[in-house]
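Colleague:
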Amino acid sequence: MKAKRLLRNALLAAALVLYACTAVRAQDQLRPFNTNSLDAIVQQHAGKPFVLALWSIHCLPCREEMAYWNDLRRRYPQVPIVLVSTDLPEEWSDVRRFLSRYDPGPVERWAFADEYVERLRYAIDRKWHGELPRTYFYDANHVVQGRSGKLDIAWLTDWFNRHAK
Amino acid sequence: MLKKFLRCIAAGLLGLTLSLSVQAHGDHRHAPAAKVRIDLGASAAFDARSGDLWAVYKQGDHVMLTRSADAGRTWSEAQPVNPKPEKVAADGDARPKIALGSEGEIYVTWTTPLSKPYTGNVRFARSVDAGETFSEPVTVNADRQEITHRFDALAVDREGRIFVAWIDKRDLVAAKAAGNGAYRGAAVYYAVSDDRGASFRGDYKLADHSCECCRIGLYAAADGGVLAMWRHVFEPNVRDHALARMDASGAAGPVRRVTFDDWRIDACPHHGPSVVGDAKGTLHAVWFTAGDRHSGVYYGRLGEGAVDGLRRLGGDAAAHADIAAAGDRVAVAWKEFDGQRTQLRATVSDDGGRTWREHRLAATDGASGQPMVLEHEGRFHVFWHTRQAPLSVTAIP
Numbered sequence: 001m002k003a004k005r006l007l008r009n010a011l012l013a014a015a016l017v018l019y020a021c022t023a024v025r026a027q028d029q030l031r032p033f034n035t036n037s038l039d040a041i042v043q044q045h046a047g048k049p050f051v052l053a054l055w056s057i058h059c060l061p062c063r064e065e066m067a068y069w070n071d072l073r074r075r076y077p078q079v080p081i082v083l084v085s086t087d088l089p090e091e092w093s094d095v096r097r098f099l100s101r102y103d104p105g106p107v108e109r110w111a112f113a114d115e116y117v118e119r120l121r122y123a124i125d126r127k128w129h130g131e132l133p134r135t136y137f138y139d140a141n142h143v144v145q146g147r148s149g150k151l152d153i154a155w156l157t158d159w160f161n162r163h164a165k
Numbered sequence: 001m002l003k004k005f006l007r008c009i010a011a012g013l014l015g016l017t018l019s020l021s022v023q024a025h026g027d028h029r030h031a032p033a034a035k036v037r038i039d040l041g042a043s044a045a046f047d048a049r050s051g052d053l054w055a056v057y058k059q060g061d062h063v064m065l066t067r068s069a070d071a072g073r074t075w076s077e078a079q080p081v082n083p084k085p086e087k088v089a090a091d092g093d094a095r096p097k098i099a100l101g102s103e104g105e106i107y108v109t110w111t112t113p114l115s116k117p118y119t120g121n122v123r124f125a126r127s128v129d130a131g132e133t134f135s136e137p138v139t140v141n142a143d144r145q146e147i148t149h150r151f152d153a154l155a156v157d158r159e160g161r162i163f164v165a166w167i168d169k170r171d172l173v174a175a176k177a178a179g180n181g182a183y184r185g186a187a188v189y190y191a192v193s194d195d196r197g198a199s200f201r202g203d204y205k206l207a208d209h210s211c212e213c214c215r216i217g218l219y220a221a222a223d224g225g226v227l228a229m230w231r232h233v234f235e236p237n238v239r240d241h242a243l244a245r246m247d248a249s250g251a252a253g254p255v256r257r258v259t260f261d262d263w264r265i266d267a268c269p270h271h272g273p274s275v276v277g278d279a280k281g282t283l284h285a286v287w288f289t290a291g292d293r294h295s296g297v298y299y300g301r302l303g304e305g306a307v308d309g310l311r312r313l314g315g316d317a318a319a320h321a322d323i324a325a326a327g328d329r330v331a332v333a334w335k336e337f338d339g340q341r342t343q344l345r346a347t348v349s350d351d352g353g354r355t356w357r358e359h360r361l362a363a364t365d366g367a368s369g370q371p372m373v374l375e376h377e378g379r380f381h382v383f384w385h386t387r388q389a390p391l392s393v394t395a396i397p
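Just so you know, the protein sequences line up as chains A and B, in that order.
So the first sequence is numbered by my numbering: it starts at 1 and just counts up by one.
So the second sequence is numbered by my numbering: it starts at 1 and just counts up by one.
Listed below in structure tokens is the structure:
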């Protein structure tokens, strides 16, 4: 009887440890980005300014921006930052590894979930040709401006200052 | 009794929680042990003597080779170029390459990513028995630092020599180590084989300050050597295009600027050019730009200090054009998402690029690779590897 109880407790403890170790933390999860995801994101942030940043593990300037997002997110917690990786599911373990290494901070994390990437890009912006990084700045009224390329930290800080009310 | 009951509940709840957390890992759920998906980056080349069309594409950790005897209507069962698995790069502008020798030799290159991000080696294998067997793959770049040697480009010159060019970061790395943080972009290097791929000599530097992530366009010049066109980074950050000639001796010709769109950006376009010469030696090219002056995919003839006959191809979603020439005829193809489907479009000139005739060749409802324009016996064909129509080939009317 004692041995059985011991075994059961050990199994419970082991299961708990296993659960703790294997459960992906909520913040590490990548949300699948599909053709209707931008609408969902915009609605979710209705009435608020926010930033949508498209990036890829294959884009070196994008890596350099991760530290900026971390810093801005902490300094301006009222402005959500939504990161969308253009890397497809077969690369998501690399995406997660990249994000834990280059830590953009408490940002939303999405990734392209459909290999028909032209259709996803079209749903985001018909005038975007796929160059990265590509960032969209929504003001509180959701008037949006898109910018291509690595961003100047002075310009970014100025935008956040003006819009984080 | 109660203790046993409670323990059962606890175990049950734990089991339930465990199974719920497994279901919540949306992206972990689908780890297919089964089929490895065919990647859509592919290249093809006609054997001028036999008329066979050969194609290479990535599938998992292999570069696969297949042959069509009927210009792409049907294909043979694919064989691996590399029997031993190795990582094959297929991001953005990367795809395996194929070129044929004058005796039907089959030359294949690809980039293998290394463990550090953004790194790679250029790999080569050849078959001298019509694809029956392949040599063991070799690394072409003599420099073996774990750095970028990526975006391999392959061409055979008029003398049968093999030229392999690639994007290389040794100069950037050296500049950083010397405390110079201002080195722009990466560099273009190349290697040459005089013995049908049995060995290579190099590495020869063609140019500093290329873009880091765009494919290189190659054209075997009629007077020997191979011309390379690539996206460059002109001071301070202008990503327009440059051209230079790779000589078989390893001497690099002067680098000249050939597009003037003034696209100032620090970004990865993942969108490189193609270049070809016509019977008169005039160079025709297609490229992408998104500057203030021009935005989209363009065709033009590469003149001295200016582009002649500049034309915008398609609309805002035009992408990844390719070009081929035969005599005075020039054919261009590109793909373009129209809101519903991806269209394969082409335009052909019979008079060296002065007048053009447009064609709608095909369309697909899913993902696709970059189209390639091929010429065989005076006819143009567009090779386009798509999810719905793998290894499709459409003759241009």
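Glycine included, every Cβ here is placed at the ideal spot set by N, Cα and C.
No experiment lies behind these values; they were computed from the predicted model shown.
Is the beta carbon of B/Ala174 closer than 9 Å to that of B/Asn141?
Modeller: Position 141 of the second sequence, counting from 1, holds the residue named residue 141 of chain B. Position 174 of the second sequence, counting from 1, holds the residue named residue 174 of chain B. No, these two residues do not count as a Cβ contact at 9 Å.
Colleague: A/Asn161 to A/Asp125, Cα distance in whole Å?
Modeller: Position 161 of the first sequence holds residue 161 of chain A. Position 125 of the first sequence holds residue 125 of chain A. Each residue's Cα considered, the two are about 26 Å apart.
Colleague: Which residue from B/Leu65, B/Trp54, B/His271, B/Gly92 puts its Cα closest to that of B/Val81?
Modeller: As a first step, residue 81 of chain B is located in the second sequence; it is residue number 81 there, counting from the start. Answer by Cα proximity: B/Leu65.
Colleague: Quick one: give me the first and last residue of the alpha helix (DSSP H) that A/Leu120 is part of.
Modeller: For this step, residue 120 of chain A is matched to residue 120 along the first sequence. 117-124 is the extent of the alpha helix (DSSP H) around A/Leu120.
Colleague: Classify A/Trp155 as buried or exposed, calling it buried when 16 or more other Cβ atoms lie within 10 Å of its own Cβ.
Modeller: Residue mapping note: residue 155 of chain A aligns to position 155 of the first sequence, counting from 1. So A/Trp155 counts as exposed.
Colleague: Just to confirm before moving on: does the CB-CB distance between B/Ser193 and B/Arg201 stay below 9 Å?
Modeller: Walking along the second sequence from the start, residue 193 of chain B turns up at place 193. Walking along the second sequence from the start, residue 201 of chain B turns up at place 201. Taking 9 Å as the Cβ cut-off, B/Ser193 and B/Arg201 qualify as a contacting pair.
Colleague: For B/Pro273, decide whether its Cβ has a neighbour in chain A, counting only Cβ atoms nearer than 9 Å.
Modeller: Within the second sequence, the letter at position 273 stands for residue 273 of chain B. No, because no Cβ of chain A sits closer than 9 Å to the Cβ of B/Pro273.
Colleague: What are the residues of the stretch 331-344 of chain B that lie near chain A, defined by any Cβ-Cβ distance shorter than 7 Å?
Modeller: Here the close residues are Phe337, Gly339, Thr342.
Colleague: Since A/Thr135 is in the alpha helix (DSSP H), which residue starts that stretch and which ends it?
Modeller: Taking the first residue of the first sequence as 1, we reach residue 135 of chain A at position 135. Run containing A/Thr135: none in the alpha helix (DSSP H); it sits in the beta strand (DSSP E), 134-138.
Colleague: How many Å lie between B/Leu114 and B/Glu105 at the Cα?
Modeller: Taking the first residue of the second sequence as position 1, residue 114 of chain B is located at position 114. Taking the first residue of the second sequence as position 1, residue 105 of chain B is located at position 105. About 28 Å.
Colleague: With DSSP run on the structure shown, which of helix, strand or coil describes A/Leu7?
Modeller: Locating residue 7 of chain A in the first sequence gives position 7, counting from the first residue. Helix, per DSSP.
Colleague: Please confirm whether B/Glu86 has its beta-carbon closer than 9 Å to some beta-carbon of chain A.
Modeller: On the second sequence, residue 86 of chain B is found 86 positions in, with the first residue counted as 1. False, the Cβ-Cβ gap to chain A never drops below 9 Å.
Colleague: Where does A/Tyr68 sit, in a helix, a strand or coil, going by DSSP?
Modeller: Translated into positions along the first sequence, residue 68 of chain A becomes position 68. The answer is helix: DSSP assigns A/Tyr68 an H, G or I state.
Colleague: Based on the DSSP secondary-structure assignment, which residues constitute the bridge partners of A/Pro32?
Modeller: Along the first sequence, one-based indexing puts residue 32 of chain A at 32. Looking at the DSSP assignment, A/Pro32 forms a beta bridge with A/Ala111.
Colleague: Rounded to a whole number of angstroms, what is the C-alpha to C-alpha distance between B/Gly300 and B/Ile323?
Modeller: Translated into the one-based positions of the second sequence, residue 300 of chain B becomes position 300. Translated into the one-based positions of the second sequence, residue 323 of chain B becomes position 323. Cα to Cα, the separation comes out at about 11 Å.
Colleague: Are the Cβ atoms of B/Ala99 and B/Ala45 separated by less than 9 Å?
Modeller: Within the second sequence, residue 99 of chain B is the residue found at index 99, counting from 1. Within the second sequence, residue 45 of chain B is the residue found at index 45, counting from 1. A contact, by the Cβ cut-off of 9 Å.
Colleague: Just grab the DSSP bridge partners of B/Phe163 for me.
Modeller: What you label residue 163 of chain B is simply residue 163 of the second sequence in a count that begins at 1. Answer is B/Ala155, B/Val192, bridged to B/Phe163.
Colleague: State yes or no: is the beta carbon of B/His270 nearer than 9 Å to at least one beta carbon in chain A?
Modeller: For the purposes of this step, residue 270 of chain B is taken as residue 270 along the second sequence, with counting starting at 1. So yes, B/His270 belongs to the interface.
Colleague: Residues in the same chain with beta-carbon distance under 8 Å from B/Arg387, minus the five sequence neighbours each way, listed in chain order, please.
Modeller: As a working mapping, residue 387 of chain B is identified with position 387 in the second sequence. Leu40, Thr364, Gly366, Ala367, Ser368, listed in sequence order.
Colleague: If we define contact as Cβ-Cβ less than 9 Å, is B/Pro236 a contact residue for chain A?
Modeller: In the second sequence, the residue the question calls residue 236 of chain B occupies position 236. So no, B/Pro236 is outside the interface.
Colleague: In chain A, which residues lie less than 7 Å from B/Ile406 when you measure between Cβ atoms?
Modeller: This structure leaves residue 406 of chain B out entirely; chain B is present only between 1 and 397.
Colleague: Taking its Cβ as the centre, do 16 or more other Cβ atoms sit within 10 Å of A/Gln78, making it buried, or is it exposed?
Modeller: Here residue 78 of chain A is taken as the residue at index 78 of the first sequence, counted from 1. Exposed: under 16 other Cβ atoms inside 10 Å.
Colleague: Measure the Cβ-Cβ separation of B/Ala267 and A/Glu131 and say whether it is below 9 Å.
Modeller: Locating residue 267 of chain B in the second sequence gives position 267, where the first residue counts as 1. Locating residue 131 of chain A in the first sequence gives position 131, where the first residue counts as 1. Yes, the Cβ-Cβ distance between B/Ala267 and A/Glu131 is below 9 Å.
Colleague: Cutting at 6 Å between CB atoms, please list the residues of its own chain near B/His451, excluding the five before and the five after it.
Modeller: Look at the range of chain B in this structure, 1 to 397, and you will see that residue 451 of chain B is not part of it.
Colleague: In this structure, what does DSSP give as the bridge partners for B/Tyr298?
Modeller: The count along the second sequence starts at 1 and reaches residue 298 of chain B at position 298. B/Trp287, B/Arg312, per the DSSP bridge assignment.
Colleague: Over the uninterrupted beta strand (DSSP E) stretch that includes A/Phe50, give me the two end residues.
Modeller: For this step, residue 50 of chain A is matched to residue 50 along the first sequence. Run containing A/Phe50: 50-55, per the beta strand (DSSP E) assignment.
Colleague: Taking only beta-carbon atoms, is B/Ala290 less than 9 Å away from chain A?
Modeller: As a working note, residue 290 of chain B is residue 290 in the second sequence. Yes, B/Ala290 lies at the interface with chain A (some Cβ there is under 9 Å from its Cβ).
Colleague: Under a three-way DSSP split, which group does B/Phe134 fall into?
Modeller: One-based indexing of the second sequence puts residue 134 of chain B at position 134. Correct three-state label for B/Phe134: coil.
Colleague: If we ignore side chains and look at the alpha-carbon of each, how far apart do B/Thr74 and B/Pro397 end up?
Modeller: Start at 1 with the first residue of the second sequence, and residue 74 of chain B comes out as number 74. Start at 1 with the first residue of the second sequence, and residue 397 of chain B comes out as number 397. Straight-line Cα distance between these residues: approximately 20 Å.
Colleague: Below 8 Å on C-beta distance, what does B/Gly101 contact in chain A?
Modeller: Translated into the one-based positions of the second sequence, residue 101 of chain B becomes position 101. In chain order: nothing, as chain A lies at least about 32 Å away.
Colleague: Could you work out which residue in B/Asp261, B/Gly296, B/Ser295, B/Val188 is closest to B/Arg245 when comparing CA atoms only?
Modeller: Residue 245 of chain B sits at position 245 when you count from the first residue of the second sequence. Of B/Asp261, B/Gly296, B/Ser295, B/Val188, the residue nearest in Cα terms is B/Val188.
Colleague: With distances taken Cα to Cα, identify the nearest neighbour of B/Gly470 among B/Cys213, B/Ala326, B/Ala248.
Modeller: Examination of residue 470 of chain B is not possible in this model, given that chain B is present from 1 through 397 alone.
Colleague: Give me the Cα-Cα distance between B/Ser43 and B/Asp261, rounded to the nearest whole angstrom.
Modeller: Within the second sequence, residue 43 of chain B is the residue found at index 43, counting from 1. Within the second sequence, residue 261 of chain B is the residue found at index 261, counting from 1. Their backbone Cα atoms lie some 29 Å apart in a straight line.
Colleague: Listed in chain order, which residues of the stretch 311-327 of chain B have Cβ atoms closer than 8 Å to some Cβ of chain A?
Modeller: For the stretch 311-327 of chain B, which is checked against every Cβ of chain A, the residues closer than 8 Å are Asp316, Ala317, Ala319.
Colleague: So if I threshold CB-CB distances at 9 Å, which residues from the stretch 364-384 of chain B count as touching chain A?
Modeller: Result list: Asp365, Gly366, Ala367, Ser368.
Colleague: Identify which residue in B/Asp70, B/Val286, B/Gly60 has its Cα closest to the Cα of B/Ser50.
Modeller: The sequence position of residue 50 of chain B within the second sequence is 50, counting from 1. Considering only alpha carbons, the answer is B/Asp70.
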